[in-house]
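K.L.:
Structure provided below as C-alpha cells; questions to follow.
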Amino acid sequence: DSGVTQTPKHLITATGQRVTLRCSPRSGDLSVYWYQQSLDQGLQFLIQYYNGEERAKGNILERFSAQQFPDLHSELNLSSLELGDSALYFCASSVAPGAEDEQFFGPGTRLTVL
Amino acid sequence: GESVGLHLPTLSVQEGDNSIINCAYSNSASDYFIWYKQESGKGPQFIIDIRSNMDKRQGQRVTVLLNKTVKHLSLQIAATQPGDSAVYFCAENDSGAGSYQLTFGKGTKLSVIP
Numbered sequence: 002d003s004g005v006t007q008t009p010k011h012l013i014t015a016t017g018q019r020v021t022l023r024c025s026p027r028s029g030d031l032s033v034y035w036y037q038q039s040l041d042q043g044l045q046f047l048i049q050y051y052n053g054e055e056r057a058k059g060n061i062l063e064r065f066s067a068q069q070f071p072d073l074h075s076e077l078n079l080s081s082l083e084l085g086d087s088a089l090y091f092c093a094s095s096v097a098p099g100a101e102d103e104q105f106f107g108p109g110t111r112l113t114v115l
Numbered sequence: 059g060e061s062v063g064l065h066l067p068t069l070s071v072q073e074g075d076n077s078i079i080n081c082a083y084s085n086s087a088s089d090y091f092i093w094y095k096q097e098s099g100k101g102p103q104f105i106i107d108i109r110s111n112m113d114k115r116q117g118q119r120v121t122v123l124l125n126k127t128v129k130h131l132s133l134q135i136a137a138t139q140p141g142d143s144a145v146y147f148c149a150e151n152d153s154g155a156g157s158y159q160l161t162f163g164k165g166t167k168l169s170v171i172p
C-alpha cells in the first residue's frame, strides 16, 4: 500500500458525459501528479500540482482539468468524454515537486466510456 | 487484476535465473532515469534510479546499467522470484529543460516460470 488513495476504483459512463476522479496523497506529500495509462499509449503524464498550484503540464487535453485543494487532495475532471478516453488514471504523490523526488502511485481508477 | 497492456514485449524467465530487461530511451539530454514495477491491478512502484553521471547502480537484487552512448538502460534482477512477475517501465527526465515530468517507456512484461 503506497498511502495514496484514489476513488472510485471503477467508473463506467457514456460518451459526452463528465466525471471527476479523486486522489488523496500520502500524508505529508505536497505534490500530486496525474497520469493516463492506455493500452496503446502506455503511461502518459497529464499534470502536476504542488501545494495547490499547477507546476507542470503534460499531454492533457483541453477537455480535462484538475485542481489541488487546500487539504492537498486533488481532483481530475474529464468532460465531453470520448471512447478513446477509456483508460486507467493514476494519481501519484511526492514530498517535493522535483523529478528526482520519489513518486508514490495510487491504485488507479479504471474509466470505461461506452 | 487489471491488464496493463496486451501488446508489450514479454520476457519469460525460470525462477532462480537472472533477468535482464532493456529500455531504449529517446532523449539524449535526459540525465535522470528510473525503473518502475507494475503488478497486475496496482500502480507503478519505484525500484531504482540512476543519474547520467553514473553507469551502474546496485540495489537489493537489482542493478541498473546506463549506456549514454547508445541511449540504453537495462535492469538486471538477480535470482528472479515469482513475485517479480510484473510489467517493468523505464522513465527518463531532462532536468536541463526545466522539466519536472517523467517520460515513460512502453514497458516489458516479465513472467517468472516456477
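Read top to bottom, the protein sequences are chains A and W.
For the first sequence, position 84 matches number 85 in this note's numbering, and the numbering has no gaps at all.
For the second sequence, position 40 matches number 98 in this note's numbering, and the numbering has no gaps at all.
The C-beta atom is built at its ideal place from N, Cα and C for all residues, glycine as well.
Does A/Arg64 get closer than 9 Å to chain W when you measure Cβ to Cβ?
P.N.:
Not closer than 9 Å to any Cβ of chain W, the Cβ of A/Arg64 fails to qualify, so no.
K.L.:
Using only CA atoms, which one of A/Cys92, A/Ala57, A/Ser81, A/Leu115 lies nearest to A/Gly17?
P.N.:
Looking at the Cα atoms, A/Ser81 is the closest of the given residues.
K.L.:
Taking 8 Å as the threshold, find out whether the stretch 70-80 of chain A comes into contact with the stretch 118-138 of chain W through three or more Cβ pairs.
P.N.:
The stretch 70-80 of chain A vs the stretch 118-138 of chain W: no contact.
K.L.:
Whose C-alpha, out of W/Cys148, W/Thr166, W/Gly154, W/Asp75, is nearest the C-alpha of W/Phe104?
P.N.:
Ranking the options by Cα distance to W/Phe104, first place goes to W/Cys148.
K.L.:
What in chain W is Cβ-close to A/Ser3, meaning under 8 Å?
P.N.:
Neighbours of A/Ser3 on chain W, chain order: Gly101, Gln103.
K.L.:
Return yes when the Cβ of W/Asp113 is within less than 9 Å of the Cβ of W/Phe91, no when it is not.
P.N.:
No, these two residues do not count as a Cβ contact at 9 Å.
K.L.:
Within the 9 Å Cβ cut-off, does W/Leu160 reach chain A?
P.N.:
So yes, W/Leu160 belongs to the interface.
K.L.:
In chain W, what lies closer than 8 Å to A/Pro1 by C-beta?
P.N.:
Residue 1 of chain A cannot be examined here, being either before or after the span of chain A that is shown, 2 to 115.
K.L.:
Looking only at its own chain, which residues have a Cβ that is under 6 Å from the Cβ of A/Ser66, when we skip the five neighbours before and after it?
P.N.:
Once the five neighbours on either side are set aside, the close Cβ partners of A/Ser66 are Asn78.
K.L.:
For W/Ser153, which three-state DSSP category applies?
P.N.:
Helix.
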